[in-house]
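Here the structure is laid out as structure tokens; the discussion comes afterwards.
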Amino acid sequence: VGVENFLFVGNPGTGKTQVARIMPKLMHALGLLEDRIVETTAMELQAGYVGQSAGKAREKISEASGGVLFVDEAHNFLGTSSFAVEAA
329 VGVENFLFVG
339 NPGTGKTQVA
349 RIMPKLMHAL
359 GLLEDRIVET
369 TAMELQAGYV
379 GQSAGKAREK
389 ISEASGGVLF
399 VDEAHNFLGT
409 SSFAVEAA
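Residues 329 to 416 (the working numbering) are what the sequence shown spells out, left to right.
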């Protein structure tokens, strides 16, 4: 199975986060993924100094290997800061 990416878009309060938490369970039940979900936010992936965000992102990606990396509030990557660009 190849790497798939899902983007849940909608107004606040429409259940995007709940659906994102359910999807890995369904995919595990189908035998597509390990039973692992690593949840983080865009802000948690951004470091205090330019050059550190990429390392934080790599750590989370490695931790989620074989499962799902769920980045809640990923729209925060759309900022123009160097930290957001590096983490994304």
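The beta-carbon is built from N, C-alpha and C at its ideal position, and this holds for glycine as well.
Distance between residue j and residue i (C-alpha atoms, nearest Å)
i: residue 309; j: residue 361; result: Coverage of the chain is limited to positions 329 through 416, which leaves residue 309 absent and any answer about it impossible.
i: residue 376; j: residue 402; result: 18 Å
i: residue 338; j: residue 347; result: 12 Å
i: residue 392; j: residue 336; result: 19 Å
i: residue 333; j: residue 379; result: 25 Å
Same chain, Cβ closer than 7 Å to residue i, five either side skipped, listed in chain order
i: residue 352; result: 361, 365, 395, 396
i: residue 406; result: none
i: residue 388; result: 366, 368, 373, 397
DSSP state of residue i mapped onto helix, strand, coil
i: residue 336; result: coil
i: residue 401; result: coil
i: residue 372; result: helix
Same chain only: Cβ atoms within 8 Å of residue i, ignoring 5 sequence neighbours per side
i: residue 371; result: 401, 404
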